[in-house]
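Data block below; observations after.
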Amino acid sequence: MMPSMLNTRLLSAGVLVSVSALALSACAPKPPKQLPPEPGPPVTNTMPAPAPVVPVGPAPGSQADFLASVNGRDTIHFALDKYDIDQISADILRVQAGWLLKYPGKKATIEGHADERGTRDYNLALGERRANSAKAFLVSLGVDASRLTTVSYGKERPVDTASTEEAWAKNRRAVTVTID
Amino acid sequence: MMMRKFSCGLLAGAALMAAGAIHAQTIAPAPMVTPNPPPAADNGVLTGTVSDDTAWQSLGIAIPSFATNADVPTAASAGSTAQVGRAIAEVITGDLKNNGLFKPTGPNSLPPIPIIQVLTPDFPTWSTRGAEMLVHGSVSAASNGNLVVGCYLYDVSLRQQLVKATWEMAPGDWRRAAHKCADTVYSRLSGESPFFDSRIAYIAETGPKDHRMKRLAIMDSDGANHRFITTGQAMALTPRFSPDYRKIVYLSYLNGRPRIYVYDVESASQKMIAEPGSPAFAPRWSPDGKWILYSMAHAGNTNIYRVSSQGGISQKLTETPGINVGGSYSPDGSKIVFESDRGGSQQIYVMNADGSNQRRISFFGGRAATPEWSPRGDQIAFTHIAGNLRIAVMGVDGGGMRYLTNAWQDEAPTWAPNGRIIQFFRTEKGTGKTSIWQVDLTGRNERRLPTPVDGSDPSWGPVRQ
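If you're matching them up, the sequences are chains F and H in order. Using full-length UniProt numbering, the letters of the first sequence map in sequence onto residues 1 to 180. Using full-length UniProt numbering, the letters of the second sequence map in sequence onto residues 1 to 465.
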């Protein structure tokens, strides 16, 4: 959600990420052929890395752990008016599913969103539809449906507040949030 | 709060009788603000209606302060009877000036009249000042603490009284008397049904675009008597007044789950309706208040359901893959117009109230959303999406589509009780700031409704009884 914060956190968890991602791939029914691409330049922050005590990762099974495990990729995006899961989204969801299968006691909410260029009611339905697409995909990978709830915020919660095509593309999304 | 007693016309005599001895001094009216008003129609009735596309002439109406027999203190917020009389004339002027039909001149530009003139206007003076229509009125304090307000409309050139009405109300309801008088004048001169004495439910918005607080709020049709109903901790959306104003149905994210609630205005309590375990939104009343339509998402599809407003089992009205959402009853309750993307994109459909005979009616390109059936039954207002979002109307068969607004993003039209004015909300590009607007059916007369904070999702209740 907040990339800069996330990246800082990922720095310290870097080692853990790759380890757990490898471990996870063994659990997933349809393991990705390769690890998902890096989420972009991790940190261009000039701040020195946090004073190295021994890097302690987030508590296993926590939302922080989830974020670290999925390389911060808790969000998938959609084309205009679409709700289908494309290849990039599928790769992201596979990694998410890996974590969810590793922690079968954990539940998650998938938040569906739409861009601002639509009517309020329809966008609520569209956001729900996107969240449900993500949920259905995770379920197809073996995650128990009863562990996943969906909620739509329609166009009410943009992550990018600009009124541009670029911002709208970012806002058409489904975000997986695990429940601590 | 409510106007308990509403005796129309009965007290007219009494009100002026109570005037008692008054100074019958004549004060020459100051020049009207209206320089060259068009001639009055012979019968005092405008020839055009608001739905005409042709230009009409604005009728000059003078509305001096309502007179009082005795200037005594009242419990009204406006002050003494004389102050209430002036405030009422101001409210009437504000009501009448925003619809393109009239050119009202209010008490700020006119001298007060002695109470004797309420029943016997000084026609020659008003005539030379260019007024075509004249609104006079009286305010007096009844012994029971109520206010008695008389309202009289005169045709200046005919020197004739066109209509009169009198209301008794609690002092706190003085604005309603003004709206009732404006309604009386509007109806008599336009031939249309009244709508000023009505209330609006809407969503009050504050805060930054990515963290907007959205609260349920209500206000009078002119923005007065504003009240927040929810605190904003749970996001509220899409409110609708019940036809009797006792309840408001709306969407709340209470406990993080979007569900439909019916809020009881008097008891300030609310209950969830149709808890189906799935997200529900877009609630609407039937015209008789017996049913609530809502949309519920399940497994990615959204369908429209109907439930008794008392609660109970829901009936599914649509059954297609895709998004079926919203819904608005025809005034007789026999049909429902709604939105569906079953054909690939958002379009407008009509069905019988039991869900049978579903058919698409919008075929003009672009997408069409949020249809609302006019209370008169002859038009459907909706949001047209082709790049920008604009308010448009069409016939009930989908013909005669035309735009009423042209901005970056206008959406969610709802009708005034008389089916002549449409409200909607406008979103500003970039900032995401929202505001409530009204437009008449010509699209020419557009005005922003004053709200204390940003506003969206306006919905009009019926004219109050």
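Glycine included, C-beta positions come from ideal geometry on N, C-alpha and C.
Same chain, Cβ closer than 6 Å to residue i, five either side skipped, listed in chain order
i              : result
R376 (chain H) : G419
I179 (chain F) : K107
Q409 (chain H) : L389, T427
S65 (chain H)  : G85, R86, A89, P107, P112
F281 (chain H) : L251, P258, S295
R306 (chain H) : W291, L293, Q315, L317
N132 (chain F) : T150
A201 (chain H) : I218, P239, F241, I248, S459
Y253 (chain H) : A234, M235
As assigned by DSSP and simplified to three states, the class of residue i
i              : result
S459 (chain H) : strand
E372 (chain H) : strand
L254 (chain H) : helix
P60 (chain F)  : coil
K247 (chain H) : strand
R212 (chain H) : coil
I361 (chain H) : coil
G98 (chain F)  : helix
D264 (chain H) : strand
D71 (chain H)  : coil
S163 (chain F) : coil
V439 (chain H) : strand
L162 (chain H) : strand
I115 (chain H) : coil
I63 (chain H)  : coil
R147 (chain F) : helix
Q87 (chain F)  : helix
I92 (chain F)  : helix
S295 (chain H) : strand
Option in the options with minimal Cα separation from residue i
i                     : options                        : result
R259 (chain H)        : F:A167, F:V151, F:D180, F:W168 : F:V151
S143 (chain H)        : H:G387, H:E372, H:V72          : H:V72
S330 (chain H)        : H:D354, H:Q347, H:G312         : H:D354
V91 (chain H)         : H:S221, H:L158, H:G365         : H:S221
K97 (chain H)         : H:R464, H:R447, H:P458         : H:R447
A416 (chain H)        : H:F196, H:S157, H:G443, H:I113 : H:F196
K335 (chain H)        : H:V350, H:T238, H:G322         : H:V350
S193 (chain H)        : H:I200, H:Y202, H:A201, H:D183 : H:D183
residue 181 (chain F) : H:I436, H:T431, H:G312, H:E266 : Outside the shown range of chain F (1 to 180) lies residue 181 (chain F), about which nothing can therefore be said.
P287 (chain H)        : H:Q117, H:D244, H:G223, H:N445 : H:D244
D91 (chain F)         : F:D74, F:P104, F:L80, F:A64    : F:D74
V453 (chain H)        : H:E205, H:L441, H:L110, H:V393 : H:E205
F382 (chain H)        : H:V337, H:G343, H:P114         : H:V337
P371 (chain H)        : H:F424, H:Q465, H:L101         : H:F424
P413 (chain H)        : H:D440, H:K433, H:I323, H:G399 : H:D440
Where residue i meets chain F, residues with beta-carbon distance less than 7 Å
i              : result
M235 (chain H) : E156
A282 (chain H) : D121
D244 (chain H) : Simply none; closest approach about 24 Å.
T383 (chain H) : T119
Residue interval of the alpha helix (DSSP H) (run including residue i)
i              : result
G85 (chain H)  : 81–96
K106 (chain F) : Where K106 (chain F) is concerned, there is no enclosing alpha helix (DSSP H), given that its DSSP letter is neither H nor E.
D81 (chain F)  : It is not in any alpha helix (DSSP H) - D81 (chain F) carries neither H nor E in the DSSP assignment.
S140 (chain F) : 120–140
T125 (chain H) : 123–128
heavy atom of the ligand NAD below 8 Å from residue i C-beta
i              : result
E446 (chain H) : The ligand NAD is absent from the structure shown, which contains no ligand whatsoever.
Within chain H, partners of residue i - CB distance below 8 Å
i              : result
E128 (chain F) : P279, A297, G300, T302
E116 (chain F) : Q409, T427, G432
Proximal residues of chain F, C-beta to C-beta of residue i below 8 Å
i              : result
T238 (chain H) : R120, D121
I323 (chain H) : Y122, A125, L126, R129
Own chain residues within Cβ distance below 8 Å of residue i, not counting five before or after
i              : result
T231 (chain H) : R215
I385 (chain H) : Q346, G366, R367, A368, A369
K30 (chain F)  : Only weak support is given to the placement of K30 (chain F): the predicted model assigns it a pLDDT of 45, under 50, and the value that follows is read from those uncertain coordinates. So the qualifying residues of the chain are R94, L141.
Segment limits, beta strand (DSSP E) that includes residue i
i              : result
F382 (chain H) : 379–386
Y186 (chain H) : No beta strand (DSSP E) holds Y186 (chain H); the alpha helix (DSSP H) holding it covers 174–190.
P413 (chain H) : 410–415
Contact set between residue i and chain F, taken where Cβ atoms lie within less than 9 Å
i              : result
R257 (chain H) : T149, V151
G326 (chain H) : T119, D121, Y122
Q347 (chain H) : Ordered by position in chain F, no residue passes the 9 Å Cβ test against Q347 (chain H), which lies about 11 Å from the chain.
D457 (chain H) : R120
T370 (chain H) : T119, R120, D121, Y122
E339 (chain H) : T119, D121, Y122
Where residue i meets chain H, residues with beta-carbon distance less than 7 Å
i              : result
T161 (chain F) : K209, D210, G432
S133 (chain F) : G300
Spatial neighbours of residue i in its chain, beta-carbon cut-off 7 Å, leaving aside the 5 residues before and after
i              : result
L138 (chain F) : L93, Q96, A97, L100, L148
F123 (chain H) : V156, R159
Against chain B: residues of the region 412–429 of chain H by CB proximity under 8 Å: In the displayed structure, chain B is absent; the protein chains listed are F and H.
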